[in-house]
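In this note's numbering, the protein residues as written are 50 to 181.
For every residue, glycine included, the Cβ atom is placed at its ideal position computed from N, Cα and C.
The structure presented is a predicted model; accordingly, all values stated were derived computationally and were not measured.
A short write-up of the structure that comes next.
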């Protein structure tokens with residue numbers, strides 16, 4: 050190799066080494082704990098701001114459309130409190146002490162007649178056991 054060719058290769062190697070070192074320093078900066086923590090903190094702040102904005106918009110919508118809120122809320126609450134509501138209605142409209150004890154049509158459909166019990170079957174003996 051000639052001297053100008055060698056010096057050109059050395060210059061290329063030095064430039065490549067500088068690019069590599071700058072990339073390495075950039076990666077060290079990006080992966081440092083302080084930088085990672087700052088990034089996570091910033092992303093969390095952005096999420097919180099988005100949630101706050103959504104809550105604000107929801108409150109505005111609820112204030113301007115109360116019938117929609119009621120149409121959604123009432124069935125959900127009835128579903129969640131269905132058992133206490135049923136107990137209260139049963140206590141309010143249920144049978145009184147003096148009511149007849151005849152089963153209602155829906156009760157007869159729910160509770161079928163018990164099956165008659167069959168006598169227990171005994172195992173028959175083999176012919177060798179019978180006559181021996």
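Asked: Backbone secondary structure at residue 165 - three-state DSSP; Found: coil
Asked: Secondary structure of residue 72, DSSP reduced to three states; Found: helix
Asked: Secondary structure, alpha helix (DSSP H): runs of 4+ residues fully inside the segment 63 to 131; Found: 82 to 113 and 115 to 129
Asked: Where residue 56 sits in the DSSP three-state scheme; Found: helix
Asked: Cα-Cα separation, residue 97 to residue 134; Found: 38 Å
Asked: For residue 137, the three-state DSSP class (helix, strand or coil); Found: helix
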